[in-house]
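Undergrad: Got a structure here, written out as structure tokens. Questions coming.
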Amino acid sequence: MSIDIETARRVAHLARIRVDEADLPALAGELSGILTFMEQLNEVDVEGVEPMTSVTPMRLKRRQDVVTDGDMQDKVLSNAPDAREGFFAVPKVVE
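For the sequence shown, the tail end lands on 103 under our numbering, and the numbers increase by one without skipping.
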């Protein structure tokens, strides 16, 4: 698949990156190369291959999902830089 300069300009705009007009042909070439590689990957037969998240078999550490009594408000709030009336106090971010 070939990316033209206008498509490269639009991709740069959507990605919110500034690309000089002189650099657009190079960007279009790089994007075309990426898409060509993706097309090659689509040709690989993956029938019967299990999906994986790592090259080594791993299991996530798990803990028992049990209800605790909680009741550690003072202990938890002791870590807060600012706590008021039993809650975390954070700076106002919306006017």
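Positions of the beta carbon are idealized from the N, C-alpha and C atoms, including for glycine.
Determine contact between the region 73-81 and the region 38-46, defined as no fewer than three beta-carbon pairs at a distance below 8 Å.
TA: By the criterion of at least three beta-carbon pairs nearer than 8 Å, the region 73-81 is not in contact with the region 38-46.
Undergrad: Taking the C-alpha atoms as reference points, what is the distance between V84 and M66?
TA: Between the alpha carbons of V84 and M66 lies a distance of about 32 Å.
Undergrad: Let me make sure I understand the geometry here. Which of Q81, R17, A23 and D82 has the alpha-carbon closest to that of G37?
TA: R17
Undergrad: Check this for me: beta carbons of I13 and L39, under 8 Å apart or not?
TA: no
Undergrad: Going by DSSP in three states, A97 sits in which element: helix, strand or coil?
TA: In the structure shown, the three-state DSSP call for A97 is coil.
Undergrad: Taking all protein chains shown into account, do 16 or more other C-beta atoms lie within 10 angstroms of the C-beta of L35, making it buried, or fewer, making it exposed?
TA: Here L35 is buried: its Cβ has 16 or more other Cβ atoms, across all protein chains shown, within 10 Å.
Undergrad: Alpha carbon to alpha carbon, what distance is there between D90 and V102?
TA: 19 Å
Undergrad: Quick check on this structure: which residue in D73, D53 and V19 has the alpha carbon closest to the alpha carbon of P33?
TA: V19
Undergrad: Smallest Cα separation from Q81: which of Q48, F95, V52 and I25?
TA: F95
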